[in-house]
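Protein chains: 2
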Amino acid sequence: MGKLLIVGTVAFDAIESPFGKTDKILGGAATFIGLAAAQFKLDSAIVSIVGDDFPQSYLDLLKNKGIDISGIEIVKNGKTFFWKGKYHNDLNSRDTLITDLNVLADFDPKVPSNFKDADVLMLGNLHPNLQLNVIQQMEEKPKLIALDTMNFWMNNTMPELKEVIRHTDVITINDEEARQLTNEYSLVKAAQKIQAMGPKYVVIKKGEHGALLFHDDEVFFAPALPLEEVFDPTGAGDTFAGGFVGYIAETENISFNNLRNAVIHGSNLASFCVEKFGTERMLQLTKEEVDRRLDQFKQLTQFDIELK
Amino acid sequence: MGKLLIVGTVAFDAIESPFGKTDKILGGAATFIGLAAAQFKLDSAIVSIVGDDFPQSYLDLLKNKGIDISGIEIVKNGKTFFWKGKYHNDLNSRDTLITDLNVLADFDPKVPSNFKDADVLMLGNLHPNLQLNVIQQMEEKPKLIALDTMNFWMNNTMPELKEVIRHTDVITINDEEARQLTNEYSLVKAAQKIQAMGPKYVVIKKGEHGALLFHDDEVFFAPALPLEEVFDPTGAGDTFAGGFVGYIAETENISFNNLRNAVIHGSNLASFCVEKFGTERMLQLTKEEVDRRLDQFKQLTQFDIELK
Numbered sequence: 000m001g002k003l004l005i006v007g008t009v010a011f012d013a014i015e016s017p018f019g020k021t022d023k024i025l026g027g028a029a030t031f032i033g034l035a036a037a038q039f040k041l042d043s044a045i046v047s048i049v050g051d052d053f054p055q056s057y058l059d060l061l062k063n064k065g066i067d068i069s070g071i072e073i074v075k076n077g078k079t080f081f082w083k084g085k086y087h088n089d090l091n092s093r094d095t096l097i098t099d100l101n102v103l104a105d106f107d108p109k110v111p112s113n114f115k116d117a118d119v120l121m122l123g124n125l126h127p128n129l130q131l132n133v134i135q136q137m138e139e140k141p142k143l144i145a146l147d148t149m150n151f152w153m154n155n156t157m158p159e160l161k162e163v164i165r166h167t168d169v170i171t172i173n174d175e176e177a178r179q180l181t182n183e184y185s186l187v188k189a190a191q192k193i194q195a196m197g198p199k200y201v202v203i204k205k206g207e208h209g210a211l212l213f214h215d216d217e218v219f220f221a222p223a224l225p226l227e228e229v230f231d232p233t234g235a236g237d238t239f240a241g242g243f244v245g246y247i248a249e250t251e252n253i254s255f256n257n258l259r260n261a262v263i264h265g266s267n268l269a270s271f272c273v274e275k276f277g278t279e280r281m282l283q284l285t286k287e288e289v290d291r292r293l294d295q296f297k298q299l300t301q302f303d304i305e306l307k
Numbered sequence: 000m001g002k003l004l005i006v007g008t009v010a011f012d013a014i015e016s017p018f019g020k021t022d023k024i025l026g027g028a029a030t031f032i033g034l035a036a037a038q039f040k041l042d043s044a045i046v047s048i049v050g051d052d053f054p055q056s057y058l059d060l061l062k063n064k065g066i067d068i069s070g071i072e073i074v075k076n077g078k079t080f081f082w083k084g085k086y087h088n089d090l091n092s093r094d095t096l097i098t099d100l101n102v103l104a105d106f107d108p109k110v111p112s113n114f115k116d117a118d119v120l121m122l123g124n125l126h127p128n129l130q131l132n133v134i135q136q137m138e139e140k141p142k143l144i145a146l147d148t149m150n151f152w153m154n155n156t157m158p159e160l161k162e163v164i165r166h167t168d169v170i171t172i173n174d175e176e177a178r179q180l181t182n183e184y185s186l187v188k189a190a191q192k193i194q195a196m197g198p199k200y201v202v203i204k205k206g207e208h209g210a211l212l213f214h215d216d217e218v219f220f221a222p223a224l225p226l227e228e229v230f231d232p233t234g235a236g237d238t239f240a241g242g243f244v245g246y247i248a249e250t251e252n253i254s255f256n257n258l259r260n261a262v263i264h265g266s267n268l269a270s271f272c273v274e275k276f277g278t279e280r281m282l283q284l285t286k287e288e289v290d291r292r293l294d295q296f297k298q299l300t301q302f303d304i305e306l307k
């Protein structure tokens with residue numbers, strides 16, 4: 000049983016999709032990562048920041064999932080980071096309508112002393128300087144540092160982003176971001192270039208088309224589970240990352256073979272996340288449901304061709 | 000060792016892609032299907048039509064792969080079906096520049112008498128009335144009738160297409176076509192609706208994102224192999240179908256479990272097709288290369304999570 004430290008946003012989200020709209024609900028990268036990782040046997044903590052407009056009940060939800068929230072700073076008279084987005088009809092693309100950084104603008108992350116020796120460090124999508132700051136606070140080099148980021152940081156802070164990438168073991172980005180980061184259309188070539196930047200593992204997320212894990216000349220693929228209904232993709236990528244690092248922290252094994260399993264666990268949990276708005280599905284999720292769907296993943300992908 | 004009957008176009012293709020352009024080269028759905036199926040132990044025949052402008056050397060290529068070409072009619076003073084297309088930069092979309100039906104306009108398919116008892120009938124993309132005509136010529140109901148089609152027939156001959164679909168056991172279409180055929184965005188729902196139209200198996204091809212096989216409430220997924228370079232997607236869907244039905248004809252087994260393997264074989268062969276222009280790669284392909292890549296498919300997809 001390992002220790003997982005998560006840094007990232009804890010936030011309000013408001014979502015519009017063809018299936019409805021929500022008012023301000025619980026969101027943020029660290030929230031989704033933490034809820035997914037909570038499906039595993041591990042010690043986890045979140046480093047983040049909120050305003051005092053953030054309901055205690057939301058913090059309690061995280062705490063009740065066994066997440067150490069002592070690293071979530073609450074700013075007096077501060078307002079919590081707020082994101083509002085609208086999904087297009089096919090749910091594959093979205094427009095950001097509002098991004099109010101609020102307290103996030105002055106975020107100075109502080110790693111709790113009992114997590115400075117975490118086995119796995121998950122850097123959720125944030126300014127690269129904040130991600131680097133957290134790496135530097137660690138007293139021991141974690142067994143695995145995982146990085147999530149997005150095109151915004153590539154457009155605005157590429158040198159800082161490359162510096163963080165240099166310090167990480169695994170990066171999780173989507174296909175378009177992998178292409179932007181490397182100027183390579185082929186994801187195979189893009190993954191090679193990213194490995195040369197530092198990370199020995201590269202995870203490329205393709206949304207409803209699954210995720211690829213690259214390591215040296217090897218590649219593993221986890222499909223997304225084909226679903227009858229997708230209500231809200233918000234947080235699916237973070238949930239994937241949370242399942243991925245959660246499984247690694249539980250098993251304390253960073254071999255390629257174990258990371259293959261971790262990618263399946265990530266895809267599995269992400270398949271639940273999209274079934275309801277926001278964190279709703281993840282908050283209800285039971286071990287039995289998770290195991291049943293893992294079995295579906297086996298049915299979905301396993302075959303038995305004997306080579307003659 | 001079963002008998003496979005293929006009906007479809009044998010044609011000239013001219014292709015423009017970001018990687019170059021070709022003059023009139025060997026193409027056509029039945030050609031790609033036949034070359035892929037030729038990787039398996041089976042008796043195969045093509046029913047098609049060409050003009051006398053079609054080089055004997057192209058016909059010999061097919062014959063030398065063991066394909067019975069007695070059902071390919073050669074029209075004196077006729078011109079062979081010609082398709083010219085141009086791929087966009089990402090190779091995921093293309094414009095058709097020329098479609099000269101030529102002799103195809105008066106195609107009256109004739110199934111050779113020794114293939115009227117074929118075990119597997121593969122209906123390549125053609126006018127649905129021609130596909131139905133071939134079904135009606137069979138003296139025994141084939142163990143499996145597989146249908147490929149495209150959006151053009153949905154736009155122009157939907158009632159006729161639905162009649163063919165009613166007579167088939169498996170349909171292979173792409174994701175957009177599945178959506179158009181059913182007015183369902185969710186591929187899970189689309190596959191359910193298509194099964195209700197007749198076919199007990201539905202294969203939805205997603206190009207570089209792999210292929211899904213649906214049967215009742217079960218689903219199987221075969222990824223496309225991530226490739227460094229894709230030169231020319233022409234014929235990839237037909238090559239997939241050819242590998243799929245070729246494996247079924249060789250094994251003479253139409254269980255869902257065997258069809259899972261068939262989908263992998265189809266994806267495997269399609270991964271070669273796109274590596275060079277037209278049929279070039281398929282004509283050179285060796286058993287050793289095919290087997291080596293099947294092993295890569297295993298590495299790509301197999302994992303071992305024990306449920307606790």
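Protein chains in written order, with numbering that gives the first Met the number 0: chain A, 0 to 307; chain B, 0 to 307.
Heads up, the beta-carbon is just placed ideally off N, CA and C, and yes, glycines get one too.
Judged by DSSP in its simplified three-state form, VAL119 of chain A adopts strand. LEU122 of chain B and GLU183 of chain A have their C-alpha atoms spaced approximately 38 Å apart. The three-state secondary structure of ILE304 of chain A, taken from DSSP, is coil. Annotation for GLY50 of chain B: no alpha helix (DSSP H) segment contains it, though the beta strand (DSSP E) segment containing it runs 42-50. Residue burial is scored here from C-beta neighbours: GLU305 of chain A has fewer than 16 other C-beta atoms within 10 angstroms and is therefore classed as exposed. Contact with chain A is absent for THR181 of chain B, since none of that chain's Cβ atoms lies less than 8 Å from the residue's Cβ.
With a contact defined as Cβ atoms closer than 8 Å, VAL110 of chain A and VAL46 of chain A qualify at about 6 Å.
Under the DSSP definition of a beta bridge, ASP12 of chain A partners with A:ILE24 and A:TRP82. DSSP places THR98 of chain B in the uninterrupted beta strand (DSSP E) bounded by 93-99.
Measuring C-alpha to C-alpha distances from PRO17 of chain A to each of A:TYR86, A:ILE48, A:ASP105 and A:ILE164 identifies A:TYR86 as the nearest.
DSSP, read as helix, strand or coil, puts THR30 of chain A in helix. The three-state reading of DSSP puts ASP294 of chain B in helix, counting H, G and I together. Closest in alpha carbon position to SER92 of chain A, among A:GLN283, A:LEU299 and A:ASP231, is A:ASP231. In the DSSP annotation of this structure, THR156 of chain A is not part of any beta strand (DSSP E), being labelled neither H nor E. Interface annotation, TYR184 of chain A: in contact with chain B, CB-CB separation under 8 Å. In the DSSP assignment, GLY70 of chain B falls within the unbroken beta strand (DSSP E) covering 66-74. Against GLN301 of chain A, the close residues of chain B are GLN301, in the order they occur along the chain (beta-carbon pairs closer than 7 Å).
Only buried fits LEU129 of chain A, as 16 or more other CB atoms lie within 10 angstroms of its CB. Residue-level contact check: ILE263 of chain A touches chain B, since one or more beta carbons of chain B fall below 8 Å from its beta carbon. If you look at ALA210 of chain A, you'll find it in the beta strand (DSSP E) that goes 210-214.
Burial is judged here by how many other beta carbons sit within 10 angstroms of a residue's own beta carbon; ARG165 of chain A has fewer than 16 and is exposed.
Against chain A, a Cβ distance below 9 Å from ASP89 of chain B picks out TYR184. Look at ILE32 of chain A: its C-beta is not under 8 Å from any C-beta on chain B. By the beta-carbon neighbour count (other beta carbons within 10 angstroms, threshold 16), ARG178 of chain A is buried. Contact of LYS204 of chain B with chain A by beta-carbon distance below 8 Å is absent, the smallest such distance being about 13 Å. Of B:GLU159, B:ASN150, B:HIS208 and B:THR98, the smallest CA-CA separation from SER266 of chain B is found for B:HIS208. The Cβ atoms of ILE172 of chain B and ILE203 of chain B sit closer than 8 Å to each other. Among the residues of chain A, those whose CB is under 9 Å from the CB of GLN298 of chain B are GLU217, VAL218 and PHE219, following chain order.
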